[in-house]
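Below is one structure, written out as structure tokens; comments come after it.
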Amino acid sequence: MLYCLTALLVAASSGSNAEQKAPVTGAAGAAASVDGVHLRLGAENSWPPYSDEQGQGISTDLIKAAFANRGVVLSFQVLPYARVLHDLASGKIDGGFNVSRQATTENKYIFGEVPLLSVKAYWFFMAGTHSNIKSFNDLPDNFRVGVIRDYEYGDDYEIHRHRFNEIRVSQQSQIIRMLKQGRIDAGIMFEREAEFAMRQMQLKSSVFDKRFLNHEGDVYVAFSHKSPRARWMAQELDKGLLMLKETGEYDRMLANKNRD
Numbered sequence: 001m002l003y004c005l006t007a008l009l010v011a012a013s014s015g016s017n018a019e020q021k022a023p024v025t026g027a028a029g030a031a032a033s034v035d036g037v038h039l040r041l042g043a044e045n046s047w048p049p050y051s052d053e054q055g056q057g058i059s060t061d062l063i064k065a066a067f068a069n070r071g072v073v074l075s076f077q078v079l080p081y082a083r084v085l086h087d088l089a090s091g092k093i094d095g096g097f098n099v100s101r102q103a104t105t106e107n108k109y110i111f112g113e114v115p116l117l118s119v120k121a122y123w124f125f126m127a128g129t130h131s132n133i134k135s136f137n138d139l140p141d142n143f144r145v146g147v148i149r150d151y152e153y154g155d156d157y158e159i160h161r162h163r164f165n166e167i168r169v170s171q172q173s174q175i176i177r178m179l180k181q182g183r184i185d186a187g188i189m190f191e192r193e194a195e196f197a198m199r200q201m202q203l204k205s206s207v208f209d210k211r212f213l214n215h216e217g218d219v220y221v222a223f224s225h226k227s228p229r230a231r232w233m234a235q236e237l238d239k240g241l242l243m244l245k246e247t248g249e250y251d252r253m254l255a256n257k258n259r260d
């Protein structure tokens, strides 16, 4: 059974045409009615520190803060990332987050203009191995690379993807273990996520060689084409994120998470 983490945020001004009565379920399960739009978001369950197994993390906190005072009732459904994308396409949820905006996703979903986060992903090798490989062009055909199932790894990766023997898994820790065991030649991991996973696994970063950049990009909240308020929600999120950045709250929230 899915967890719904429901957060009630302040109601919008009474003049908004998008307002409707929406139920809010509290800790005791009691429902209340407020003037607001109910937004169902899919939260990935395996990308800490951005969104962990309980749907909590940097991304979730930023979304809650951005929608504060915008008259939106948020509920989060904690799901595997592949299920988030599936439910987005089917319209079971209004939006899902930590989605990269690239050629393969641009037409599938509705995006705002302001990214949720900027992230970097690197090719990781075991220290001392494959020292001749320093870029995409050096990677041989049938190279065994560990990736997370259904993650987006940038347009450059898509150009070379057909050459690789991809080993798809659901969690970052699996890539790290397979790399240590020699079951893959390299793994693509997002920088901060990899650092977090290594700390959790009590591994020294020196065991691995963060060799070269796979891609640097932005991740967004992606909204479903089947959600009637998707474009309005994307615009409201943009406004909220811009306000967080203008007030300095965005940088403060990231700095606080960096100290965790």
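Note that the sequence shown covers residues 1 to 260 in my numbering. Using N, Cα and C, we set each Cβ at its ideal position, and we do this for glycine too. Bear in mind the structure is a predicted one, so any value in this text is a computation, not a measurement.
Less than 8 Å between the C-beta atoms of residue i and residue j, yes or no?
| i | j | result |
| --- | --- | --- |
| Gly146 | Asn214 | no |
| Glu152 | Gln102 | yes |
| Phe125 | Phe208 | yes |
| Val73 | Val37 | yes |
| Ile176 | Trp123 | no |
| Met233 | Ala65 | no |
| Ala222 | Gly96 | yes |
| Ser170 | Pro48 | no |
| Ala230 | Ile110 | yes |
| Lys134 | Arg211 | yes |
| Leu117 | Gly42 | no |
| Gly128 | Leu237 | no |
Starting from residue i, trace the alpha helix (DSSP H) both ways and give me its first and last residue.
| i | result |
| --- | --- |
| Gly240 | 230-247 |
| Phe67 | 58-67 |
| Val84 | 81-90 |
Do you know how far the Cα of residue j is from the Cα of residue i?
| i | j | result |
| --- | --- | --- |
| Tyr220 | Gly240 | 13 Å |
| Pro228 | Ile93 | 11 Å |
| Tyr157 | Asn137 | 11 Å |
| Lys108 | Ser59 | 21 Å |
| Ser206 | Ala255 | 25 Å |
| Met178 | Ile167 | 10 Å |
| Arg266 | Gln56 | Absent from the structure is residue 266, since the part of the chain shown begins at 1 and ends at 260. |
| Asp185 | Phe143 | 7 Å |
| Ala82 | Arg149 | 7 Å |
| Pro140 | Leu244 | 44 Å |
Could you give the residue range of the beta strand (DSSP E) that holds residue i?
| i | result |
| --- | --- |
| Arg168 | 165-169 |
| Phe208 | 208-223 |
| Phe190 | 186-190 |
| Arg144 | 144-148 |
If you run the structure through DSSP and keep just helix, strand and coil, what is residue i?
| i | result |
| --- | --- |
| Asn286 | The structure shown has nothing for residue 286, since the chain only spans 1 to 260. |
| Leu179 | helix |
| Ile159 | helix |
| Leu254 | helix |
Per DSSP, what are the beta-bridge partners of residue i in this structure?
| i | result |
| --- | --- |
| Val114 | Its beta-bridge partners do not exist; DSSP assigns none. |
| Ser51 | Trp47 |
| Gly42 | Gln77, Gly96 |
| Phe125 | Asp209 |
| Lys120 | Glu216 |
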